[in-house]
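Data first, discussion second: the structure below is written as structure tokens.
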Amino acid sequence: MYVPPKFAVENRDKQLQVIRDQGWGCVVSFDGAAPIATHLPFVVEGDAGKERLAFHLAHENPQWKSFAERRQILAVFQGPHSYVTPSWCEAQRALPTWAYAAVHVYGRPQIVDDPDKKRRMQQRLVAYFEARFENQWTMDHLDEEWVDTMLKRVVSFELPIERTESIFRLLQNRPENDRARVADRLAQSPDSNARSIAEMISRHAS
């Protein structure tokens with residue numbers, strides 16, 4: 404990923420927070436002939452500095468077979484983003500731009516074969532996303548045999564994080580007063596993406 408130094412973010416906690424906030428990404432691999440991609444939910448697990456991504460693919464999805472040769476794969480996460488009009492800026496030489504955050508994660512996926520571990524992974528996945536709801540759904544009431552049957556239809560993976568790249572394009576190249584004006588306008592938008600990127604501009608841009 405092309406990352407101009409002004410927009411590069413090396414802080415691992417900030418990178419992982421984008422993944423945690425979004426929970427949704429795209430895993431990209433090479434099947435020997437062409438790139439192949441699948442859009443999936445992800446959960447960050449593991450101790451600080453040794454984090455890994457947990458995810459699964461449908462067994463019928465041929466992409467997981469491309470993981471067999473233990474090549475690095477790429478997981479792409481897009482954070483909040485929004486168009487920025489120069490009409491919000493005081494600077495005379497301002498052009499339209501896009502404010503956004505993106506994180507790329509590289510690693511070699513490890514298949515999870517143990518049925519009990521697969522079940523626990525799915526329980527953690529559900530619990531993570533259900534935590535935002537007042538009435539949280541769990542797998543506890545489901546018939547275990549049926550759950551086991553469903554789990555056989557997916558292939559679970561852990562992706563140890565070997566390398567990351569990230570870009571937070573948050574108007575760091577604009578005057579401070581323009582960043583504040585843009586953040587204020589975006590914060591008033593009905594679009595949740597715009598409001599989220601406004602918060603990031605206020606919190607991270609310097």
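Positions 404 to 609 (this note's numbering) are the ones given, in order, by the sequence shown.
Ideal Cβ placement from N, Cα and C applies to all residues, glycine included.
Helix, strand or coil at residue i [DSSP, three-state]
{"i": "K430", "result": "Sequence check: residue 430 is Val here, not Lys. In this structure, V430 counts as strand in the three-state DSSP scheme."}
{"i": "Y405", "result": "coil"}
{"i": "Q513", "result": "strand"}
{"i": "H607", "result": "helix"}
{"i": "L419", "result": "helix"}
{"i": "Q481", "result": "strand"}
{"i": "E454", "result": "coil"}
{"i": "F410", "result": "helix"}
{"i": "W467", "result": "helix"}
{"i": "S569", "result": "strand"}
{"i": "N600", "result": "Reading off the sequence shown, one finds Ile at residue 600, where the question assumed Asn. The answer is helix: DSSP assigns I600 an H, G or I state."}
Close beta carbons around residue i, own chain, < 6 angstroms, minus the five adjacent residues each side
{"i": "Y503", "result": "H484 and R572"}
{"i": "I570", "result": "V406, F410 and A505"}
Among the options, the one whose alpha carbon lies nearest that of residue i
{"i": "E454", "options": "Q575, R606 and L419", "result": "L419"}
{"i": "K409", "options": "A478, V550, Q575 and I600", "result": "Q575"}
{"i": "H564", "options": "F536, F458, E579 and I439", "result": "With the sequence shown as reference, residue 564 is identified as Ile, and His is not the correct amino acid for it. Checking every option, the nearest Cα to that of I564 belongs to F458."}
{"i": "Q526", "options": "M542, V550, D581 and P518", "result": "M542"}
{"i": "E639", "options": "M404, A586, P578 and L589", "result": "Because the chain spans 404 through 609 in this model, residue 639 falls outside it and cannot be assessed."}
Other residues of its chain near residue i: CB distance less than 8 angstroms, five sequence neighbours each side excluded
{"i": "S592", "result": "S485, R598 and A601"}
Own chain residues within Cβ distance below 7 angstroms of residue i, not counting five before or after
{"i": "A461", "result": "R556 and V557"}
Does the segment 588-602 come into contact with the segment 478-489, if we say contact requires no fewer than three beta-carbon pairs (one atom in each stretch) closer than 8 angstroms? yes
For the segment 449-467 against the segment 512-530, are there 3 or more C-beta pairs whose distance is under 8 angstroms? yes
Beta strand (DSSP E) segments (min. 3 residues) lying fully within the segment 497-564: 500-510, 513-515 and 557-563
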